[in-house]
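Reading through the structure tokens given below for one structure.
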Amino acid sequence: MFKNERPVDIGILAMDMYFPKNYVNQTDLEIYDKVSKGKYTIGLGQNNMAFSGDREDIVSMAMTSVKMLMEKYKIDYNMIGRLEVGTETIIDKSKSVKSALMQLFQDNGNNTSIEGVDTMNACYGGTNALFNSVQWIESSFWDGRYALVVCGDIAVYSVGPARPTGGAGVVSMLIGPNAPLVMETSLRGTHMENVHDFYKPDLTSEYPYVDGKLSIECYLRALDKCYEQFKKRYEQLNPNRKFSIDHYDYFCFHSPYNRLVQKSYARLKYNEFLNDPDNQRYKDFLPFKNLSTGKDSYINPKLDQTSLKLSQDDFKKKVDPSTLLSKELGNSYCGSVYSGILSLLSNVNNLQDKRILVFSYGSGLASSFFSFRGNSSNNINKQFPSTRNIGEIANIKERLQNRTKINPDEFSRILATREKSHLSIIKGAHTPIDTLDNISNGTFYLEKVDDKLIRHYKLKPILNSNL
1 MFKNERPVDI
11 GILAMDMYFP
21 KNYVNQTDLE
31 IYDKVSKGKY
41 TIGLGQNNMA
51 FSGDREDIVS
61 MAMTSVKMLM
71 EKYKIDYNMI
81 GRLEVGTETI
91 IDKSKSVKSA
101 LMQLFQDNGN
111 NTSIEGVDTM
121 NACYGGTNAL
131 FNSVQWIESS
141 FWDGRYALVV
151 CGDIAVYSVG
161 PARPTGGAGV
171 VSMLIGPNAP
181 LVMETSLRGT
191 HMENVHDFYK
201 PDLTSEYPYV
211 DGKLSIECYL
221 RALDKCYEQF
231 KKRYEQLNPN
241 RKFSIDHYDY
251 FCFHSPYNRL
261 VQKSYARLKY
271 NEFLNDPDNQ
281 RYKDFLPFKN
291 LSTGKDSYIN
301 PKLDQTSLKL
311 SQDDFKKKVD
321 PSTLLSKELG
331 NSYCGSVYSG
341 ILSLLSNVNN
351 LQDKRILVFS
361 YGSGLASSFF
371 SFRGNSSNNI
381 NKQFPSTRNI
391 GEIANIKERL
401 QNRTKINPDE
411 FSRILATREK
421 SHLSIIKGAH
431 TPIDTLDNIS
441 NGTFYLEKVD
451 DKLIRHYKLK
461 PILNSNL
């Protein structure tokens with residue numbers, strides 16, 4: 001399998017996403033929670049939220065996601081040379097999710113020569129796994145096989161104002177050369193720092209500690225810093241061309257909720273103004289010139305109103321196509337920004353020669369700007385011919401329509417059961433309570449936890465082709 005020639009056009013060959021069968025409607029949840037109309041649908045910008053009971057955990061979801069991708073694209077398990085998982089849904093302080101996924105490879109050709117483990121830092125782990133995988137293919141260690149990146153989470157919150165920002169889902173991406181969606185590996189802007197905007201110090205609970213106001217400030221500050229670093233790198237590589245977001249056709253953002261995505265794109269417009277204050281396109285920003293990107297600019301209603309107004313038309317064209325899954329599923333943490341890419345591929349038929357700017361953020365914090373371009377060359381791998389093909393095979397619109405709507409009372413009961421099961425598993429042997437009716441056919445599920453706290457999984461028989 002070893003290739004003497006160096007790989008070119010490394011990027012995403014194929015991708016898919018597993019998400020739970022059940023969802024709760026955000027309008028229904030507003031009524032149930034007795035909050036003002038539009039608090040979740042307009043204030044957060046969300047439509048629905050995926051969730052799971054105690055029959056699903058991060059391992060079962062990741063196994064289903066990998067199985068879906070491998071079967072839909074008829075990929076030989078022996079052709080995977082690296083497998084890396086990005087997740088913050090920790091169910092074992094030692095054993096990686098990647099090691100659990102190895103069961104699939106042992107059962108399908110006994111391929112055990114696979115590099116990579118898990119990467120963890122809030123919602124950023126999937127991005128680090130992607131960077132590592134691309135760099136593995138670029139390196140002298142590469143043996144000619146593909147890399148597989150698996151990223152996603154189960155986001156659950158305690159009863160209260162943060163609960164509607166939960167979600168669930170796992171994305172799997174096949175990475176290799178001659179890809180239809182190529183990562184521009186020479187371009188990247190990264191910002192990291194030590195903050196406590198969102199963290200999970202209580203290992204007996206799935207619930208995080210969240211400082212909502214600080215988290216928004218950190219997200220926007222990271223966006224500013226990554227913009228600066230990306231701009232600097234772009235202009236180093238293109239000394240005769242000034243950087244502008246106008247060079248990009250589409251944008252994908254990490255999406256805790258869609259309203260923050262709207263604010264983030266609007267924030268980029270404000271950064272463009274600060275870099276070119278004489279540009280008449282941005283004259284409405286002149287009253288805010290002295291704010292620069294200081295702390296007072298992060299929570300500023302007048303600036304928000306101005307930037308959202310100036311960016312709304314471009315947002316509809318350049319960002320909204322990437323928001324389908326996040327608005328329907330909620331926050332899948334490590335999978336969030338990649339669900340954005342999959343949404344874009346499902347909504348835009350032709351991305352040849354189009355450029356996509358991506359912002360990935362993980363609390364704590366770690367963040368990066370990076371970019372992709374649609375490949376228009378003649379060297380694309382014929383097994384993975386186009387970005388349109390990825391969207392068609394994923395079939396996410398039909399799969400979203402085929403989900404089961406659960407009323408808020410039942411949603412609350414299922415999450416309460418999940419919380420109790422989480423505590424029971426820590427103490428000893430446990431059998432999940434949730435009915436298998438809440439699990440789609442062809443999906444892995446948690447069968448039991450034995451007296452050694454070893455988790456055992458089963459596959460629900462496939463009765464139809466829709467996962």
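Heads up, the sequence shown is in our numbering, so the first residue is 1 and it goes up one at a time.
Glycine is no exception: its CB is placed at the ideal position from the N, C-alpha and C atoms.
Through-space distance from S205 to S496, alpha-carbon basis: This structure gives no information on residue 496, because the portion of the chain shown stretches from 1 to 467.
Taking one C-beta from the stretch 387-403 and one from the stretch 356-365 each time, how about it: are there three or more such pairs within less than 8 Å? Taking a contact to require three or more Cβ pairs closer than 8 Å, the stretch 387-403 and the stretch 356-365 do not qualify as touching.
Can you look up D409 in the DSSP assignment and give me helix, strand or coil? The answer is helix: DSSP assigns D409 an H, G or I state.
Closest by C-alpha distance to I80, when choosing among S440, E447, V261, I175: Answer by Cα proximity: I175.
Note down, in chain order, each residue of its chain lying with its Cβ closer than 6 Å to the Cβ of L453, except the 5 sequence neighbours on either side. Cβ within range, chain order: n/a, list empty.
Which residues mark the beginning and the end of the alpha helix (DSSP H) in which L453 is found? Where L453 is concerned, there is no enclosing alpha helix (DSSP H), given that its DSSP letter is neither H nor E.
Cβ contact (3+ pairs, closer than 8 Å) linking the stretch 189-204 and the stretch 28-35: For the pair of segments examined, the stretch 189-204 was found not to touch the stretch 28-35: the number of CB pairs separated by less than 8 Å stays below three.
Answer yes or no: do S322 and S346 have a C-beta to C-beta separation smaller than 7 Å? No, the Cβ-Cβ distance between S322 and S346 is not below 7 Å.
Exposure label - L463; buried when at least 16 CB within 10 Å: Per the 10 Å Cβ criterion, exposed.
Beta-bridge partners of N25, as assigned by DSSP: N48, per the DSSP bridge assignment.
Proximal residues to T89 (C-beta, below 6 Å), its chain only, five neighbours per side dropped: Excluding positions up to five away in sequence, the list reads I58, D153, I154.
Do A429 and D450 have their C-beta atoms closer together than 7 Å? In this structure, D450 lies closer than 7 Å to A429 by Cβ.
Expected contact under 8 Å - CB spacing of G364 and V195 to nearest Å: The beta-carbon separation of G364 and V195, rounded to 7 Å, stays under the 8 Å limit for a contact.
Per-residue DSSP class, three states only, for E398: Looking at E398 - three-state DSSP - the assignment turns out to be helix.
Along the chain, where does the alpha helix (DSSP H) containing A266 start, and where does it finish? Here the alpha helix (DSSP H) through A266 covers 258-275.
Can you have a look at L104 and say buried or exposed, based on whether 16 or more other CB atoms are within 10 angstroms of its CB? Buried, since its Cβ has 16 or more Cβ neighbours within 10 Å.
Any idea if L467 is buried or exposed, counting beta-carbon neighbours within 10 angstroms, 16 or more meaning buried? Unreliable placement is indicated for L467, whose pLDDT of 48 sits below 50; no coordinate value is reported for it.
Nearest by alpha-carbon distance to F253: which of Y227, I425, V85 is it? Closest option to F253, judged by alpha-carbon separation, among Y227, I425, V85: Y227.
Return the residue from the list L148, Y457, D296, N300 that minimises the CA-CA distance to N78. Comparing alpha-carbon positions, the option among L148, Y457, D296, N300 lying closest to N78 turns out to be L148.
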